[in-house]
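**Student:** I'd like to ask you about the structure that follows.
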Amino acid sequence: MTLGNRIEALFHSQLREWELLRNNNAGLKAVICKALDFGNFRLQVQCNPARIRSSAAKIDEKSIQQRPCFLCAANRPAEQQGIDYEPDYTILLNPYPIFPCHLTIVCRQHTDQRIEGRIRDMLSLAKDLPDYMILYNGPHAGASAPDHFHFQAGNKALFPIESDLRTFAGRRTVKETAQGCVYSVDEYLRKTLVFRSDSLEWTAVEFESLLQRLRLFQPDEAEPMINLLASFTDGYWHLFVFPRRQHRPSQYYEEGVKQFLFSPGAVDFGGILIFPRREDFEKITPELTEAMFIQLTFTDLMWNQLLNEYI
Ligand SMILES: [Zn+2]
15 MTLGNRIEAL FHSQLREWEL LRNNNAGLKA VICKALDFGN FRLQVQCNPA
65 RIRSSAAKID EKSIQQRPCF LCAANRPAEQ QGIDYEPDYT ILLNPYPIFP
115 CHLTIVCRQH TDQRIEGRIR DMLSLAKDLP DYMILYNGPH AGASAPDHFH
165 FQAGNKALFP IESDLRTFAG RRTVKETAQG CVYSVDEYLR KTLVFRSDSL
215 EWTAVEFESL LQRLRLFQPD EAEPMINLLA SFTDGYWHLF VFPRRQHRPS
265 QYYEEGVKQF LFSPGAVDFG GILIFPRRED FEKITPELTE AMFIQLTFTD
315 LMWNQLLNEY I
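Everything in the sequence shown is counted per our numbering, starting at 15 for the first residue and increasing by one.
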């Protein structure tokens with residue numbers, strides 16, 4: 015039995031036994047969606063009221079210290095069952111899903127959200143779950159539990175980025191070796207680096223080297239602000255890296271009609287924008303989306319500085 019089969023079985027038994035998951039999963043059917051057209055690519059937009067917990071999550075140090083950690087085994091709902099994944103993870107169903115069978119893959123220890131030393135685990139998960147996109151949100155780039163290490167995962171076919179970047183006109187090769195290549199995608203709202211390789215080790219080493227270089231841009235952050243998506247298709251890994259310079263756009267902190275409760279993480283950068291409030295969903299346009307992403311992603315100057323390392 016593959017890991018994917020075991021997860022599917024877990025999903026169906028959890029739907030039977032866990033009312034919260036069953037209700038929120040049924041609620042997904044009522045979620046309204048639309049697409050925003052940017053010419054050579056599109057973004058999906060989802061109005062999902064249950065995600066208000068994540069979008070409005072207080073992630074300052076004091077709030078985090080004062081709440082019981084919802085990813086620790088001792089505090090999880092009694093109905094929530096999991097599948098062990100080595101070396102030290104448990105695969106769980108997320109009870110506040112963005113898509114059916116939305117997984118949270120939690121470390122068995124309560125330890126900080128840091129990708130350093132764990133990128134190989136992320137790539138192994140992508141290989142073991144070839145139908146899924148594996149997601150990582152940095153501690154100040156969308157993680158609602160920055161104090162407890164976790165990945166997320168969802169059906170790969172739902173993510174526009176997976177098909178967008180195969181033939182994307184705006185991509186250019188910045189590094190090419192016998193083991194893999196690195197693409198830069200500049201005209202895609204969010205500055206993106208894509209690592210493509212049939213070698214897990216090559217991808218991991220290239221990523222770790224990039225992470226060190228990103229540290230120079232944000233020396234005061236515990237970890238450079240990033241979102242990651244990883245998939246494994248036809249023998250190749252794709253690792254999508256989104257360096258960030260801000261967590262939330264200024265519109266998040268506005269009041270009244272100018273406010274957008276938009277708190278993006280890896281799902282949004284992968285092409286599925288989540289708005290918990292109906293009014294934001296109704297108001298969003300390609301122009302407003304661009305005005306928000308430009309605050310979150312690297313500037314042209316920062317991007318060129320980063321890419322100069324490859325030349
Ligand atoms: Zn914890």
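By construction, the Cβ of each residue, glycine as well, lies at the ideal position given by its N, Cα and C atoms.
Quick one, what's near ligand 1 if you take every residue whose CB is closer than 6 Å to any heavy atom, in chain order?
**Tutor:** Result (chain order): Cys83, Leu85, Cys86, His124 and His162.
**Student:** Output the boundary residues of the beta strand (DSSP E) element that contains Ile133.
**Tutor:** For the purposes of this step, residue 133 is identified with residue 119 of the sequence shown, where counting begins at 1. Ile133 -> not in any beta strand (DSSP E); alpha helix (DSSP H) instead, spanning Ile133 to Asp142.
**Student:** Can you name, in chain order, every residue of its own chain whose Cβ lies under 6 Å from the Cβ of Ala157, other than the five neighbours on each side?
**Tutor:** Working through the sequence shown from its first residue, we reach residue 157 at position 143. For Ala157, where only same-chain residues beyond five positions count, the Cβ hits under 6 Å are Gln127 and Asn151.
**Student:** Across which residues does DSSP place Glu190 in a beta bridge pair?
**Tutor:** Working through the sequence shown from its first residue, we reach residue 190 at position 176. Per DSSP, Cys195.
**Student:** Please state the DSSP three-state secondary structure of Lys170.
**Tutor:** Taking the first residue of the sequence shown as position 1, residue 170 is located at position 156. Helix at Lys170.
**Student:** Rank Lys43, Leu106, Cys47 and Ala70 by C-alpha distance to the C-alpha of Ser27 and give the top, closest one.
**Tutor:** On the sequence shown, residue 27 is found 13 positions in, with the first residue counted as 1. Checked all of Lys43, Leu106, Cys47 and Ala70; the closest Cα to Ser27 is Leu106.
**Student:** Report all residues from its chain with a CB closer than 7 Å to the CB of Pro300; omit the five preceding and five following residues, and keep chain order.
**Tutor:** Counted from its first residue, the sequence shown places residue 300 at position 286. The residues are Leu50, Asp51 and Phe52.
**Student:** Alpha helix (DSSP H) containing His26: first to last residue?
**Tutor:** Here residue 26 refers to the residue found at position 12 when the sequence shown is read from its first residue. Counting along the chain, the alpha helix (DSSP H) containing His26 begins and ends at Leu17 to Glu31.
**Student:** Nearest CA to the CA of Ala64: which residue from Tyr103, Asp145, Ser77 and Pro109?
**Tutor:** Here residue 64 corresponds to residue number 50 of the sequence shown, with the count starting at 1. Ranking the options by Cα distance to Ala64, first place goes to Pro109.
**Student:** How do the region 256-265 and the region 119-134 stand: do at least 3 beta-carbon pairs fall below 8 Å, yes or no?
**Tutor:** No, because fewer than three Cβ pairs between the region 256-265 and the region 119-134 fall closer than 8 Å, the two stretches do not touch.
**Student:** Helix, strand or coil, according to DSSP, for Gln58 in the structure here?
**Tutor:** Sequence index remark: in the sequence shown, residue 58 carries index 44 (1-based). Strand, per DSSP.
**Student:** Taking buried to mean at least 16 other C-beta atoms within 10 Å of its own C-beta, is Met15 buried or exposed?
**Tutor:** Position 1 of the sequence shown, counting from 1, holds the residue named residue 15. The residue is exposed, with fewer than 16 neighbouring Cβ atoms inside 10 Å.
**Student:** Residues in its own chain within less than 8 Å of Asn331 by CB, not counting five upstream and five downstream?
**Tutor:** Shown here, the chain extends from 15 to 325; a query on residue 331 therefore has no answer.
**Student:** Assuming the contact rule is C-beta atoms closer than 8 Å, Asn241 and Ala280 should be a hit. Round their C-beta distance to whole Å, please.
**Tutor:** By 1-based counting over the sequence shown, the position of residue 241 is 227. By 1-based counting over the sequence shown, the position of residue 280 is 266. Asn241 to Ala280, Cβ: 4 Å. Contact.
**Student:** Could you tell me the alpha carbon to alpha carbon distance between Ile175 and Ser138, rounded to whole angstroms?
**Tutor:** Your numbering for residue 175 matches position 161 in the sequence shown. Your numbering for residue 138 matches position 124 in the sequence shown. Computed Cα separation, rounded: 20 Å.
**Student:** So, is Val271 buried or exposed, given that buried needs 16 or more other C-beta atoms within 10 angstroms?
**Tutor:** Working through the sequence shown from its first residue, we reach residue 271 at position 257. Under this definition Val271 is an exposed residue.
**Student:** Do you know offhand how far Pro114's Cα is from Ala167's?
**Tutor:** Taking the sequence shown and counting its residues from 1, one reaches residue 114 at position 100. Taking the sequence shown and counting its residues from 1, one reaches residue 167 at position 153. Roughly 11 Å between the two C-alpha positions.
**Student:** If contact is defined by three or more beta carbon pairs under 8 Å, each pair taking one atom from either stretch, is the region 175-190 in contact with the region 200-216?
**Tutor:** The region 200-216 vs the region 175-190: in contact.
**Student:** When you compare each of Arg186, Arg180, Ala218 and Leu179 to Gln193 by their alpha carbons, which one comes out closest?
**Tutor:** Sequence index remark: in the sequence shown, residue 193 carries index 179 (1-based). Gln193 has its Cα closest to that of Ala218, out of Arg186, Arg180, Ala218 and Leu179.
**Student:** Considering only the beta carbon of each residue, do Phe231 and Leu320 sit closer than 9 Å?
**Tutor:** For the purposes of this step, residue 231 is taken as the residue at position 217 of the sequence shown. For the purposes of this step, residue 320 is taken as the residue at position 306 of the sequence shown. Closer than 9 Å, so yes.
**Student:** For a test of the three-state rule: what should DSSP assign to Pro300, helix, strand or coil?
**Tutor:** What you label residue 300 is simply residue 286 of the sequence shown in a count that begins at 1. Pro300: helix per DSSP, three-state reduction.
**Student:** For Lys48, does the count of other Cβ atoms within 10 angstroms reach 16, so buried, or fall short, so exposed?
**Tutor:** In the sequence shown, counting from the first residue as 1, residue 48 sits at position 34. Per the 10 Å Cβ criterion, exposed.
**Student:** Span of the beta strand (DSSP E) holding Met147?
**Tutor:** Position 133 of the sequence shown, counted from the start, is the residue given in the question as residue 147. Tyr146 to Asn151 is the span of the beta strand (DSSP E), which, as asked, contains Met147.
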